[in-house]
Every structure is written in C-alpha cells, then in structure tokens.
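Written out below as structure tokens is the structure these notes cover.
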Amino acid sequence: MVWLSDDERFAAIEENLKIINNDIAEAAITSGRNPDDVNLMAVTKTVESKFINKAIDCGIRLIGENKVQEFLLKAPELKLDSCKAHLIGHLQSNKVRKIVGMVDTIQSVDTVEIAKEIGKRSVMQGISTKILLEVNAGNEYSKFGFTADEVFEKACEIAEIDGVCVNGLMCVAPICEKEAELRAVFSDMRRLFIDIGDKKIDNTNMNVLSMGMSGDYESAILEGANLVRIGSAIFGARIYR
Ligand SMILES: *Cc1c(COP(=O)(O)O)cnc(C)c1O
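Going by the working numbering, the letters in the sequence shown line up with residues 879 to 1119, in that order.
What follows is the structure, encoded as structure tokens:
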C-alpha cells in the first residue's frame, strides 16, 4: 500500500465519505426510500482516533468498534458528544461489565447467555441497553450468530430479560460469487426482520436492520438495510499490528 501523510488521509476520508453518501442516497431512492432512512456507520477498528475524529467532523454520527478494549482506549480521544458508538464485534461475557453504559447499542448479541449478562450489568447500572440480534446469514466462515430458524424463538426469550431491549437484527453476509446470491441473503434477512416485527413481541422494537459493508452496502440497501457498517471504503485498507 502507498504510504500517505496524515493530510492526504484526512482528504481521502472526506472524499470517500462524499462518494459513499452519494451512493447510499442513490440506492435508498432506487429502493423507494428517503436517503435519510439509511444510517451510515463508520467502522473504526484499527483506525487511529485522529482519523475517526476527521470522519466525525465530516458528518459521521455513528461509529462501530469490534473490540471492547480498543474502544475503551480510544473513547476519551473521540468526539463522542456529537457521535454515537455501537459495539459490532463478538462479545465475551467477561468483557460485558466494561462495555455496558459505554455504547449506545450492542449489535453483536449472538447467544441468550450474553444477552442475560448484558441485562444483568445494565440493571446494576440502572439502565437498559439496546441490542441487535446477530444472525448467521449462511456464512459458513463465521461461527457467530443465531440461525435464521431460531432467531424468532430467541428474540422472544431475550425479550423477557430485564435491562436489554431488542432493537433489530444485524448480519455479516458471506462472500458470494454471484450478485443474485448476495441479494438473496439480504432479502431473506429483511423478510426475517419484517416477520419478527409483525409478531409485535413485548419490549422489542424491530427498528434497525444492520447489514452491508464496504463491498456490498449498495446491495444491502436495495434489499432494505437501514444501517450500513462501512470501514475500509472510508478509512482505507486496515493495517493490523
Ligand atoms: C470490519 C467490519 C465491518 C466493516 O468492514 P469493511 O469491509 O471494512 O467495510 C462491518 N461489520 C463488522 C461486523 C465488521 O467486523
């Protein structure tokens, strides 16, 4: 990868966000929706705080981090007064205590047990934590997420837990060779989202359908995503240390 100066990276972030916002608006309109109905999350794993703050300066109002520790380290440096944060990576139960109260939503709830732990820690803090249920949308490489068959039943079970509120679904789509396969994955997710919403489970608001990343966000929006999680298309390829 070409080594860029900070100023070049700031400029690239600004430019990338313009392009992505345009693409999102176009896909939203094509799918018969208002561009404002689709929320853009900047995924900030491995990204230094100064670049995240640049994205916030450019209008980003939602960021997503994968790891509790990384988020807690960066959080004091981030302009979080004007931007919400979600946890989007797999959460281990021994980290729940540290993250509850620090993020607006935990998107990556993939077992009833982790939801119980989030609920317990939230009640201790006197709060309720918004969560999304992660669905394993045919992704054989990912071991995380509820299967499509079980997610309704699990949503009912989780709805009974004090201190959490189910706010929608999230998925990471598998890598598909054909666009039609990818669209089918997103379309199945949307049907699940609508079906569960129609059942009107108590203490559950099916508001958020979080799907679509740098490589597939337009397809996700065309199939009904209202939150897309975009990292490398904003910040450039990630460098893992
Ligand atoms: C890394 C990550 C993203 C963003 O991936 P890009 O391909 O860089 O846009 C989105 N969602 C989750 C859960 C991730 O881990």
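Don't be surprised by glycine CBs; every beta carbon is placed ideally from N, CA and C.
Values in this document were obtained by computation on a predicted structure and should not be read as measured data.
DSSP bridge partner residues for residue i (one or two, in chain order)
i, result
"E943", "L965"
"K1008", "T983 and C1043"
"I1108", "A920"
"I1049", "Looking at the sequence provided, one finds Cys at residue 1049 rather than Ile. DSSP output for C1049 lists V1013 as bridge partner(s)."
Other residues of its chain near residue i: CB distance less than 7 Å, five sequence neighbours each side excluded
i, result
"G894", "A quick correction: the sequence has Asn, not Gly, at residue 894. Closer than 7 Å at Cβ, skipping near neighbours: A1111 and I1112."
"C936", "I891, E892 and L895"
"N917", "L940, N1104 and L1105"
"F888", "K932"
"K976", "V946 and L950"
Option in the options with minimal Cα separation from residue i
i, options, result
"E1028", "L1060, G1041, A1058 and D988", "D988"
"G1041", "R1069, I996 and A889", "I996"
"G1102", "K952, V974, F949 and D915", "D915"
"A933", "K945, L951, I966 and N899", "N899"
"N931", "L956, Q947, A1037 and A889", "L956"
"S1065", "K1078, N1081 and L1047", "L1047"
"R1068", "G1093, M919 and M1084", "M1084"
"A1098", "G967, D884 and A905", "A905"
"N1127", "S883, A953, L1087 and I966", "Nothing can be reported for residue 1127: it is not among the residues displayed for the chain, which extend from 879 to 1119."
Chain-order list of residues whose beta-carbon lies under 6 Å from that of residue i (same chain, five-residue window excluded)
i, result
"K1008", "T983, C1043 and N1045"
"R999", "V974, R975 and V978"
Close beta carbons around residue i, own chain, < 8 Å, minus the five adjacent residues each side
i, result
"L1003", "Residue identity differs from the one stated: residue 1003 is Gln in this sequence, not Leu. Cβ within range, chain order: V978 and G979."
"S971", "E991, I992 and E995"
"D1073", "F1030"
"C961", "I934, I938, R939, L940 and I941"
Element boundaries [beta strand (DSSP E), containing residue i]
i, result
"S1088", "T1082 to S1088"
Residue interval of the alpha helix (DSSP H) (run including residue i)
i, result
"E904", "D884 to T908"
Hey, is the segment 1018-1036 in contact with the segment 1054-1061, meaning 3+ C-beta pairs nearer than 8 Å?
no
Any chance the segment 926-936 sits against the segment 900-911, with 3 or more Cβ pairs inside 8 Å?
no
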